[in-house]
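Colleague:
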Amino acid sequence: MSNAQSLLLQELARAVDSHNIKDQLSVLFERKVVQDRQNMKNHYMLSNKLNEAVRMRDGYINEFRRQTTLMSIEILKRMQVDDIQMASRLMVMAREMQTKVLKKNNFIMRLKLD
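Quick note on numbering: the sequence shown equals residues 2 to 115 in my numbering.
Here it is in structure tokens:
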């Protein structure tokens with residue numbers, strides 16, 4: 002066992018004041034769930050911000066269209082496509098994080114029930 006693993010197990014044993022491996026695993030997975038939830042929230046937040054930017058840019062595109070500034074419109078359209086794709090990827094990543102959180106919570110519950 003590496004020194005880092007040993008230190009982690011010692012920390013977990015102190016955290017739950019137990020040498021029971023299930024208790025230690027529960028603490029470890031609960032920590033990971035907290036981290037994953039934060040990552041999930043960050044992905045949702047970034048996705049929402051990008052969606053807001055897309056809506057704002059739609060207004061700019063309509064305004065530029067009236068002014069017939071085709072070059073600016075093309076730049077904004079490319080940015081729009083990129084942001085829409087990024088927002089979609091972030092949403093998928095957030096959903097994957099959500100699935101991981103649910104699986105880890107289920108694992109923790111099974112550990113506690115056994």
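Glycine included, C-beta positions come from ideal geometry on N, C-alpha and C.
Cα-Cα, which of 80, 47 and 48 is closest to residue 59?
Modeller: Residue 59 sits at position 58 when you count from the first residue of the sequence shown. Selected option, being the one with the closest Cα: 80.
Colleague: Taking C-alpha atoms, which residue in 46, 66, 32 and 107 lies nearest to residue 93?
Modeller: Working through the sequence shown from its first residue, we reach residue 93 at position 92. Nearest of 46, 66, 32 and 107 to residue 93, Cα basis: 46.
Colleague: Between the stretch 94 to 103 and the stretch 36 to 54, can you find at least three pairs of beta-carbon atoms closer than 8 Å?
Modeller: Yes, the stretch 36 to 54 is in contact with the stretch 94 to 103.
Colleague: For the alpha helix (DSSP H) holding residue 49, just list the boundary residues, first then last.
Modeller: On the sequence shown, position 48 is the one that residue 49 refers to. 22 to 68 is the extent of the alpha helix (DSSP H) around residue 49.
Colleague: Ordered along the chain, which non-local residues of its own chain (more than five positions away) have a Cβ less than 8 Å from that of residue 77?
Modeller: As a position in the sequence shown, residue 77 is number 76, starting the count at 1. Closer than 8 Å at Cβ, skipping near neighbours: 58, 61, 62 and 65.
Colleague: Within the continuous alpha helix (DSSP H) that includes residue 84, where are the two ends?
Modeller: Residue 84 sits at position 83 when you count from the first residue of the sequence shown. Where residue 84 is concerned, the enclosing alpha helix (DSSP H) stretches over 71 to 114.
Colleague: Among 7, 4 and 23, which has the Cα closest to the Cα of residue 112?
Modeller: As a first step, residue 112 must be located in the sequence shown, where it is residue number 111. Nearest option by C-alpha distance: 23.
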